[in-house]
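Enquirer: After the structure tokens below, expect a handful of questions from me.
There are 2 protein chains.
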Amino acid sequence: MSSSIKKAVVLVSGGLDSATCLAIARSEGYQSFALSFNYGQRSSSELTAAVRLAEFFGVAAHQVIPLGIGQLGGSALTDHTVDVPINGVVADHIPVTYVPARNTVFLSYALAWAEVLSADAIFIGVNAVDYSGYPDCRPEFIEAFEKMANLATKASAEGNLIRIRTPLINMTKAQIISEGVALGVDYALTVSCYQANTAGQACGACDSCRLRHKGFKDAGLEDPTVYFSPPLYV
Amino acid sequence: MSSSIKKAVVLVSGGLDSATCLAIARSEGYQSFALSFNYGQRSSSELTAAVRLAEFFGVAAHQVIPLGIGQLGGSALTDHTVDVPINGVVADHIPVTYVPARNTVFLSYALAWAEVLSADAIFIGVNAVDYSGYPDCRPEFIEAFEKMANLATKASAEGNLIRIRTPLINMTKAQIISEGVALGVDYALTVSCYQANTAGQACGACDSCRLRHKGFKDAGLEDPTVYFSPPLYV
């Protein structure tokens with residue numbers, strides 16, 4: 003293999019968005035290195051999905067990093083004493099499912115690996131349209147992270163800059179799904195639900211399920227999600 | 003306790019610089035929350051020193067976060083097949099003891115905890131004078147991180163900004179030591195050596211030992227470090 007092959011670290015949660023990111027990185031000719039995190043998610047089936055997706059896309063390597071972020075507290079997704087909001091509309095305020103500084107931590111690890119690999123890009127599936135009010139999904143956050151990243155590393159000090167790629171940032175969920183289907187993504191492999199069961203079946207009630215289901219509906223495509231109870235909003 | 007107490011997350015490695023940072027945060031009236039990382043350092047005595055320092059300063063809490071950064075490779079400090087440079091002068095180039103994106107990862111966790119605690123500041127003992135060529139110790143990196151951090155969090159979206167404090171950034175090692183002694187730091191509790199033994203005794207040969215010893219000498223103070231072999235540079 004030539005050293006001129008473009009490499010990208012792709013953050014893969016196991017959900018719909020990151021699966022689409024993997025497909026986009028591949029379609030642009032990147033050799034992909036999948037990076038996932040085990041941070042005490044309620045739903046371990048999300049990580050199982052990440053492993054399936056990494057295999058499906060034939061990535062060059064897949065690392066699952068254990069994070070101690072749960073021990074810092076502060077989120078319904080890692081603090082199992084806090085309830086997940088059920089069948090809510092997307093709120094104006096920042097939801098309790100927010101994990102403190104999550105994307106900052108994720109991107110920092112991606113940056114570390116990108117430096118080791120001499121990768122050109124980091125792909126992250128953030129979205130500013132259906133973003134549920136998470137501050138670290140906004141374009142201005144991503145731009146600030148990229149600027150910081152290009153001051154942080156040995157590679158950047160030697161002139162090899164890294165780009166933080168957010169191909170989904172201005173797409174609706176329906177557009178993301180349409181793009182992914184066109185690129186061959188099998189969304190049955192993905193898990194979006196905040197409280198999926200161990201078989202990867204979805205609750206059909208949480209905000210994430212609701213956004214996903216609406217996405218398929220708006221795209222005019224059949225939702226391949228398997229629910230463990232009838233979706234509340236169908 | 004009043005909610006108006008100023009809180010700070012202080013990164014504590016167990017070394018001389020972070021001990022001084024803890025003392026400075028205390029002298030400014032901050033309630034300190036010590037944050038350390040276990041990332042496969044060669045020298046576990048550094049973490050033992052961090053625990054001793056947190057007790058010595060009576061911090062409000064001390065968290066030691068296990069990091070998976072070692073599994074990404076790329077550094078002599080975590081990759082035990084790479085030799086630590088011995089008795090070298092501080093090199094013009096970036097040394098092999100550099101850990102990819104280390105301060106970015108450390109500060110990201112500090113940001114997560116700061117958000118949970120509603121802390122006002124993060125203290126990090128980076129130094130641009132005796133900094134050994136690490137890009138993530140430069141003032142422009144810190145400024146870029148602070149800017150990113152204030153776009154990243156729920157707290158920042160609500161107007162509660164966080165400051166990244168680097169009180170040592172323009173100080174020589176001798177100035178750091180003098181300041182710390184004036185604030186009551188017992189440097190015998192600290193470990194700087196890249197390859198200290200389990201008792202916390204230093205090699206007296208690595209770059210970190212050399213910089214530390216020179217600092218005490220330049221400050222006109224006795225070096226309380228215990229060496230397991232005679233220092234090469236005395």
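Here the protein sequences come in this chain order: Y and F.
When the letters of the first sequence are read in order and numbered with my numbering, they come out as residues 3 to 236.
When the letters of the second sequence are read in order and numbered with my numbering, they come out as residues 3 to 236.
Beta carbons are placed, not taken as given, at the ideal position from N, Cα and C, and that holds for glycine.
1) Tell me which residues share the same chain as G31(Y) and place their Cβ nearer than 7 Å to its Cβ, disregarding the 5 neighbours each side in the sequence.
2) In whole angstroms, what separates the C-alpha of S24(Y) from that of E160(F)?
3) Please say whether T155(Y) and E117(Y) have beta carbons closer to each other than 7 Å?
4) When burial is assigned at 16 or more other CB atoms within 10 Å of the CB, is P137(F) buried or exposed?
5) Classify Y19(Y) as buried or exposed, calling it buried when 16 or more other Cβ atoms lie within 10 Å of its own Cβ.
6) Starting from the Cα of L213(F), find the closest Cα among Y196(F), S15(F) and F35(F) and give me that residue.
7) Given that V107(Y) touches chain F, what residues does it touch there, using C-beta distances under 7 Å?
8) Could one say the Cβ of P233(F) lies closer than 7 Å to chain Y's Cβ atoms, at least one of them?
9) Work out the CA separation of A51(F) and G202(F) for me, nearest whole Å.
10) In terms of alpha-carbon separation, which member of F108(F), F35(F) and G127(F) lies closest to L69(F)?
11) For F125(F), collect the residues of the same chain with a Cβ closer than 6 Å to its Cβ; drop the 5 residues on either side in sequence, then sort them by chain order.
12) Roughly how many angstroms lie between the CA atoms of S15(F) and L234(Y), to the nearest whole one?
13) On the three-state DSSP scale, how would you describe N40(F)?
14) Under the rule that 16 or more other beta-carbon atoms within 10 Å means buried, what is T200(F), buried or exposed?
15) Does any C-beta atom of chain F lie closer than 7 Å to the C-beta of K9(Y)?
16) Please report the straight-line C-alpha distance between S194(F) and L170(Y), rounded to a whole angstrom.
17) Tell me whether E172(Y) is buried or exposed, calling it buried when 16 or more other Cβ atoms sit within 10 Å of its Cβ.
18) Check whether the Cβ of C208(Y) lies closer than 7 Å to any Cβ atom in chain F.
19) Could you check whether the Cβ of A103(F) sits closer than 7 Å to any Cβ belonging to chain Y?
20) Express the C-alpha separation of V66(F) and V131(Y) in angstroms, rounding to a whole number.
21) Under 7 Å, Cβ to Cβ, is there at least one residue of chain F near I126(Y)?
22) Taking its Cβ as the centre, do 16 or more other Cβ atoms sit within 10 Å of E57(F), making it buried, or is it exposed?
23) Just how far apart, CA to CA, sit A204(Y) and N129(F)?
24) If you run the structure through DSSP and keep just helix, strand and coil, what is R28(F)?
25) Using the beta-carbon of each residue, which ones in chain F are nearer than 8 Å to E48(Y)?
26) Whose C-beta lies closer than 8 Å to the C-beta of T83(F) among residues of the same chain, with five residues either side of it excluded?
27) Which residues, in chain order, does the stretch 136–166 of chain Y contribute to contact with chain F at a C-beta distance below 8 Å?
28) For L74(Y), would you say it is in contact with chain F, using Cβ-to-Cβ distances shorter than 7 Å as the test?
29) Between the Cα of L37(F) and the Cα atoms of A62(F), S29(F) and L223(F), which residue gives the shortest distance?
30) In the DSSP assignment, what are the bridge partners of I67(Y)?
31) Taking Cβ positions only, does S14(Y) come closer than 7 Å to chain F?
32) Taking L191(F) as the reference, which of N152(F), G217(F), K216(F) and R54(F) has the closest Cα?
33) Residues of the stretch 50–67 of chain Y with a CB closer than 8 Å to any CB of chain F: list them in chain order, please.
34) Taking all protein chains shown into account, do 16 or more other C-beta atoms lie within 10 angstroms of the C-beta of G60(F), making it buried, or fewer, making it exposed?
35) Can you name the residues of chain Y whose CB is closer than 7 Å to the CB of I171(F)?
36) Can you tell me whether E142(Y) is buried or exposed, with buried defined as 16 or more other CB within 10 angstroms of its CB?
Expert: By the coordinates alone:
1) Within the first sequence, numbered from 1, the residue matching residue 31(Y) stands at position 29. Counting only Cβ-Cβ distances below 7 Å, and skipping sequence neighbours, we find K8.
2) As a first step, residue 24(Y) must be located in the first sequence, where it is residue number 22. As a first step, residue 160(F) must be located in the second sequence, where it is residue number 158. Note on identity: in this sequence residue 24(Y) is Leu, with Ser being the wrong assignment. Answer to the nearest angstrom: the Cα atoms are 33 Å apart.
3) Along the first sequence, one-based indexing puts residue 117(Y) at 115. Along the first sequence, one-based indexing puts residue 155(Y) at 153. Yes. Within cutoff.
4) Here residue 137(F) corresponds to residue number 135 of the second sequence, with the count starting at 1. It counts as buried.
5) Numbered from 1 along the first sequence, position 17 holds the residue referred to as residue 19(Y). Going by the sequence as given, residue 19(Y) is Asp instead of Tyr. Answer is buried; the Cβ neighbour count reaches 16.
6) Within the second sequence, residue 213(F) is the residue found at index 211, counting from 1. Residue Y196(F) is the option with its Cα nearest to L213(F).
7) Position 105 of the first sequence, counted from the first residue, corresponds to residue 107(Y). Per Cβ cutoff of 7 Å: S110, Y111 and A114.
8) On the second sequence, residue 233(F) is found 231 positions in, with the first residue counted as 1. No, P233(F) lies away from the interface with chain Y (no Cβ there is under 7 Å from its Cβ).
9) Sequence index remark: in the second sequence, residue 202(F) carries index 200 (1-based). Sequence index remark: in the second sequence, residue 51(F) carries index 49 (1-based). Distance between the alpha carbons of G202(F) and A51(F): 8 Å.
10) Position 67 of the second sequence, counting from 1, holds the residue named residue 69(F). The candidate whose alpha carbon is nearest that of L69(F) is F108(F).
11) Within the second sequence, the letter at position 123 stands for residue 125(F). Same-chain partners within the cutoff: A10, V12, C23, A27 and R167.
12) In the second sequence, the residue the question calls residue 15(F) occupies position 13. In the first sequence, the residue the question calls residue 234(Y) occupies position 232. If I take the Cα positions, the gap works out to 50 Å.
13) Here the question's residue 40(F) lines up with position 38 in the second sequence. Three-state result, N40(F): strand.
14) Residue mapping note: residue 200(F) aligns to position 198 of the second sequence, counting from 1. Result: exposed.
15) As a working note, residue 9(Y) is residue 7 in the first sequence. Not closer than 7 Å to any Cβ of chain F, the Cβ of K9(Y) fails to qualify, so no.
16) Within the second sequence, residue 194(F) is the residue found at index 192, counting from 1. Within the first sequence, residue 170(Y) is the residue found at index 168, counting from 1. Those two C-alpha atoms are separated by around 45 Å.
17) Position 170 of the first sequence, counted from the start, is the residue given in the question as residue 172(Y). Residue identity check: residue 172(Y) is Asn in the sequence provided, not Glu. Result: exposed.
18) Position 206 of the first sequence, counting from 1, holds the residue named residue 208(Y). No, because no Cβ of chain F sits closer than 7 Å to the Cβ of C208(Y).
19) Taking the first residue of the second sequence as 1, we reach residue 103(F) at position 101. By this cut-off, A103(F) is an interface position.
20) On the first sequence, position 129 is the one that residue 131(Y) refers to. On the second sequence, position 64 is the one that residue 66(F) refers to. Taking the straight line from one Cα to the other gives about 37 Å.
21) Mapped onto the first sequence, residue 126(Y) falls at position 124. With 7 Å as the cut-off, I126(Y) does not count as an interface residue toward chain F.
22) Here residue 57(F) is taken as the residue at index 55 of the second sequence, counted from 1. Burial call: exposed.
23) For the purposes of this step, residue 204(Y) is taken as residue 202 along the first sequence, with counting starting at 1. For the purposes of this step, residue 129(F) is taken as residue 127 along the second sequence, with counting starting at 1. So the alpha carbons of these two residues sit roughly 49 Å apart.
24) As a first step, residue 28(F) must be located in the second sequence, where it is residue number 26. Three-state DSSP puts R28(F) in a helix.
25) Locating residue 48(Y) in the first sequence gives position 46, where the first residue counts as 1. Those within 8 Å of E48(Y) in chain F number zero; the least Cβ separation is about 18 Å.
26) Translated into positions along the second sequence, residue 83(F) becomes position 81. In this prediction, T83(F) scores a pLDDT of 49, lower than 50, which makes its location untrustworthy; the coordinate-derived value is nonetheless stated afterwards. Within the same chain, T83(F) has no close Cβ partners at all.
27) P137, D138, R140, E142, F143, A146, F147, K149, M150, A151, L153, A154, T155, K156, S158 and A159
28) Sequence index remark: in the first sequence, residue 74(Y) carries index 72 (1-based). Yes, because at least one Cβ of chain F sits closer than 7 Å to the Cβ of L74(Y).
29) Position 35 of the second sequence holds residue 37(F). When only C-alpha atoms are compared, the closest one is A62(F).
30) Walking along the first sequence from the start, residue 67(Y) turns up at place 65. For I67(Y), which the question treats as bridged, DSSP gives the partners F39(Y).
31) As a working note, residue 14(Y) is residue 12 in the first sequence. Per the sequence presented here, residue 14(Y) reads as Val, with Ser not at that position. Judged by the 7 Å Cβ criterion, V14(Y) is not in contact with chain F.
32) What you label residue 191(F) is simply residue 189 of the second sequence in a count that begins at 1. Comparing Cα-Cα distances from L191(F) to each of N152(F), G217(F), K216(F) and R54(F), the minimum goes to R54(F).
33) Close to chain F, meaning a Cβ-Cβ distance shorter than 8 Å, are the following residues of the stretch 50–67 of chain Y: Q65 and I67.
34) Stepping through the second sequence from its first residue, residue 60(F) is reached at position 58. Result: exposed.
35) Here residue 171(F) refers to the residue found at position 169 when the second sequence is read from its first residue. The premise fails here: I171(F) is roughly 14 Å from chain Y at the closest Cβ pair, so nothing lies under 7 Å.
36) In the first sequence, counting from the first residue as 1, residue 142(Y) sits at position 140. Result: exposed.
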